[in-house]
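Enquirer: Handing you this structure, nothing more for now.
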Amino acid sequence: MSAKKRPASAKDGSARPEGTDRTPGAGIPIAAGGSVLRPPKAAESVARDIVKDIRALGLRPGDNLPSEAEMLKDYEVSRESLREGLRLLEVQGMITIRRGPGGGPQVGTVDSANLGRMEALYFHLAGATYEELFEAWIFSEGELARRAAANPDAELRAAVMEPYLSGDVDEEAHDDLEVYMSGHEGFHGSVAGLAGNKVFQISFRAFGLLVAHHIAMIGDVRMIHDVLVDDHLQLARIIADGDVEQAGELMERHLRSVIEINRAQFGTKLDGDVDWL
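In this text, residue positions in the sequence shown follow full-length UniProt numbering: the first is 1, and each later residue adds one.
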């Protein structure tokens, strides 16, 4: 709902007293965590059980899940709760649902981009700004770079960084923006994987993928392709060499330069709250 269409009445339908309008962009207050003990709804419980079974059975992306009839029997929930639980997982990319004859649910992926999209809703409602998002991005990616360089397996560091050292990554920007962005984010994903902490890998990468999504929608990151390739090459060398502090510092400088180069494309949008594009 845009600010122009926001109703002026209070929650109970009465007119809002004059002078009580809140400052635009202030957002909803961030709770102190009072709902942490809220019991899960039936749909959330079945979604949790499905995820547990995916892990327990060792299923992989693309594997079929049981039919609706089988799930209703196994999980002992209503059809409405089961379908709502499946929709929750589908929105998060954890499963995909093929429509039509022969269709059904399949195992999806664990993708930080889906987490980033959901986080954007929270950020927007809370009134978080793009400057705050960029600050979180710089901090998190810098920490991931330090942890990647600190990975004790030198052979693994060298193997993961090898494509960015050997020239296997295309020197020319790919014409397809989606393919290009996938390759660009692949470097940062490789760094995160070396960090050795899956919680950091998933949650910290969500910030970067959210920023990348916005940059791709507003401008064209390929305009700074040469800068990205050069920075990634230097970072790959430093991480492979195991230089912890230099890896973090260079990653942070790299991201600040990306932000400054793209700042003109964001324009006044940088003055607003994080949006869900």
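Cβ coordinates follow ideal geometry from the N, Cα and C atoms, glycine included.
I need the straight-line Cα distance from M161 to F123, nearest angstrom please.
Expert: 33 Å
Enquirer: Just list the residues that DSSP pairs Q106 with in beta bridges.
Expert: N64, T96
Enquirer: Less than 8 Å separating the beta-carbons of E44 and L115?
Expert: no
Enquirer: From the DSSP secondary-structure annotation, give me the bridge partner or partners of D273.
Expert: T129
Enquirer: Can you tell which of D231, I50, A247 has its C-alpha closest to the C-alpha of I238?
Expert: Closest option to I238, Cα to Cα, is A247.
Enquirer: Excluding the 5 residues flanking A158 on each side, which residues of the same chain have their C-beta closer than 6 Å to its C-beta?
Expert: Excluding its 5 nearest sequence neighbours in each direction, A158 has C-beta neighbours in its own chain below 6 Å: A240, listed in chain order.
Enquirer: Which residues bound the alpha helix (DSSP H) around V91?
Expert: 79-91
Enquirer: Does the beta-carbon distance from I261 to A126 come in below 8 Å?
Expert: no
Enquirer: Expressed to the nearest angstrom, what Euclidean distance is found between the alpha-carbon atoms of L57 and D49?
Expert: 12 Å
Enquirer: Using only alpha-carbon positions, find the residue among G189, G93, R83, A195 that is nearest to G208.
Expert: G189
Enquirer: Answer with buried or exposed for A128, where buried requires no fewer than 16 other C-beta atoms within 10 angstroms of its C-beta.
Expert: With 16 or more other Cβ atoms within 10 Å, it is buried.
Enquirer: Report yes if the CB atom of E119 is closer than 8 Å to the CB atom of A206, and no otherwise.
Expert: yes
Enquirer: Cutting at 6 Å between CB atoms, please list the residues of its own chain near A192, excluding the five before and the five after it.
Expert: So the list reads L144, Q201, R205, once near-sequence residues are dropped.
Enquirer: From E245 to S140, what does the alpha carbon distance come to, in whole angstroms?
Expert: Cα to Cα, the separation comes out at about 14 Å.
Enquirer: Would you report the Cα separation of N197 and R147, rounded to the nearest angstrom?
Expert: Inter-residue distance for N197 and R147 is about 9 Å (C-alpha atoms, whole angstroms).
Enquirer: Less than 8 Å between the C-beta atoms of A149 and D243, yes or no?
Expert: The beta carbons of A149 and D243 sit closer together than 8 Å.
Enquirer: So the candidates are F134, T96, G100; which of them puts its Cα closest to the Cα of L63?
Expert: First, the amino acid is wrong: residue 63 is Asp here, not Leu. Nearest option by C-alpha distance: T96.
Enquirer: Tell me the rounded alpha-carbon separation between V77 and A26.
Expert: 41 Å
Enquirer: Suppose the cutoff is 7 Å on Cβ atoms and the five residues either side in sequence are ignored; what does the same chain contact list for M251 look like?
Expert: E141, G142, A145, L235
Enquirer: Going by Cα to Cα distance, which pick from F134, E68, L194 is closest to G103?
Expert: E68
Enquirer: Taking 8 Å as the cut-off, decide whether the C-beta atoms of M94 and G108 are in contact.
Expert: yes
Enquirer: Between which residues of its own chain and A195 is the CB-CB distance below 7 Å, once the five residues before and five after are set aside?
Expert: L144, R147, A148, Q201
Enquirer: Select from V91, E185, L165, I215 the residue whose C-alpha is nearest the C-alpha of D230.
Expert: L165
Enquirer: G272 to A113, Cα distance in whole Å?
Expert: 22 Å
Enquirer: Taking the continuous alpha helix (DSSP H) assigned at L156, which residues delimit it?
Expert: Taken as a continuous stretch (DSSP letters only), the alpha helix (DSSP H) holding L156 covers 154-166.
Enquirer: Between the C-alpha atoms of V46 and H213, what's the straight-line distance to the nearest angstrom?
Expert: 31 Å
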